[in-house]
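Protein chains in written order, with the working numbering: chain A, 1 to 112; chain B, 113 to 266.
Don't be surprised by glycine CBs; every beta carbon is placed ideally from N, CA and C.
Input: a single structure, listed below in C-alpha cells.
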Amino acid sequence: MSVAIDDELWSAIGDPTRRRMLDLLLIDGAGTATSLSEQLPVTRQAVAKHLGVLDRVGLVHVSPAGREMRYRVDDAQLARAVAQLSAVGETWDARLRRIKQIAEAIERGKKN
Amino acid sequence: MEYGSIEREIHVDAAPEVVFEVISSPVHIRQWWTAETEIEPTAGATGELVFGERGTPEAHIAQITVVEAQSPRLFSFRWVHSPGEVATATNSLLVTFELTPAGAGTAVRMTEVGFREVGWEVAVLEEAYREHSTGWDYFVPRIGEYTKQLVSSR
C-alpha cells in the first residue's frame, strides 16, 4: 500500500464533523444528508457540503435513493487514509535520529 | 492496530544531561524538529512551534505547553491544541521523553499519545512539517524505502 501523503485526502478528514460523518456512515452502512444531519449538530445543508468534500477525495460513494443521494464509505480509500497515520510514527523516528546525532556530537565535543 | 499512541526507544551515546538539553532547549529543538520556538523547558511554560517561515502562507504554527521538566530524566509536553486554548487530553497530543542511564549513554523512551482524538489533525501538521523540512533532506528520511529499512531494523 502506498504511503504517499495526499494533501486533499488529509484536508478532507482533517475536519471533525467530516470524521464524525464517516463514523456514522460506517456504523449505519450508508446514509443520506438528511439521516446524517439528524444525528449531528449541523444543518442538512452543511452536511451536504461536507459530503461533497468527502466525495471529491473518493472517501464516499454516491448513489441515487429516491429524492436524495445515498452515501457509503469507500473502504479502500479510508484504509489508505488510516495507513498514512503510521507515517506520523516514522516522522518521530527521524526526529529521534536527529536527537541522537546532536546529543552524541555534543558528548564527543565534551571529551575532546 | 492501535492508533492511540506511538512508542519508540532509542539508545544515545551521550549522558542523560546532554540528551535532556537537546530534547528540551529551543536551540536544539530548532535542529531536530526544524521548528522555531522560544519555549522555556519548565513545567507550565507555553509557546509556539513555527514550521516554515513565520508570516508566509506556508508557515504552520503549533501550540506547545510543557507538562513536566525534570532534568535529566523526564520531559513531557502537549502540542497541537488551538491557539488560546489550555492544553488538555482531548485537544492535544502528549509527548513524553523518559531518560534512563544505560552504560555510558542514555536509553530514551518516547511516547506520543492522543491520536484517537486528534490524530487526523496532527497528521496534517506532520505533512506540513515534512514539506518544510526540505532543507534537511540529508537527515529526514523520506516516506518509502528508507523508512521501511528503518522500521525493519528496529
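The Cβ of B/Ala-127 sits closer than 8 Å to at least one Cβ of chain A. The beta-carbon of A/Lys-100 is placed less than 8 Å from the nearest beta-carbon of chain B.
The DSSP-derived three-state label of B/Thr-168 is coil. Residue contact check for B/Arg-120 against chain A: a CB pair falls below 8 Å. Within chain B, the residues Ala-126, Val-130, Glu-133, Val-134 have their CB atoms less than 8 Å from the CB of A/Ile-106, given in chain order. One thing to note: B/Ile-151 has its Cβ no nearer than 8 Å to the Cβ of A/Leu-96. When rounded, the separation of the alpha-carbon atoms in B/Ser-194 and B/Val-162 is 14 Å. In the DSSP annotation of this structure, the continuous segment of the alpha helix (DSSP H) that includes A/Val-53 starts and ends at 44–56. Put simply, of B/Thr-200, B/Glu-224, B/Met-222 the residue whose alpha carbon is nearest the alpha carbon of B/Thr-158 is B/Thr-200. Within the segment 162–209 of chain B, no complete alpha helix (DSSP H) segment of 4 residues or longer occurs.
By the C-beta density criterion, B/Ala-147 is buried, having at least 16 other C-beta atoms within 10 angstroms. Counting C-beta pairs closer than 8 Å gives three or more between the segment 211–226 of chain B and the segment 119–133 of chain B, which meets the contact rule.
In this structure, the beta-carbon distance from A/Gly-31 to A/Tyr-71 falls below 8 Å. Considering only B/Ile-135, B/Phe-189, B/Ile-118, the residue with the shortest C-alpha distance to A/Gln-101 is B/Ile-135. Judged by their CB atoms, A/Leu-36 and A/Leu-24 are nearer to each other than the 8 Å cut-off. Interface criterion not met: the Cβ of B/Glu-160 is under 8 Å from no Cβ in chain A. Comparing alpha carbon positions, the residue from B/Val-225, B/Thr-212, B/Thr-168 closest to A/Trp-92 is B/Val-225.
Contact check for B/Val-192 against B/Ala-174 passes: the beta carbons are separated by less than 8 Å.
Counting only the Cα atoms, A/Val-73 lies some 39 Å from B/Val-179. When the beta-carbon positions are compared, A/Arg-80 and B/Trp-144 stay at least 8 Å from each other. For the segment 166–183 of chain B, the set of positions with a beta-carbon nearer than 9 Å to some beta-carbon of chain A is empty. In the displayed model, A/Arg-97 falls within a helix according to three-state DSSP. Closer than 8 Å to the CB of A/Asp-75 there is not a single CB belonging to chain B.
Close to B/His-140, with beta-carbon spacing below 7 Å, are these residues of chain A in chain order: Ile-102. By the rule that beta-carbons nearer than 8 Å mark a contact, A/Arg-95 touches chain B.
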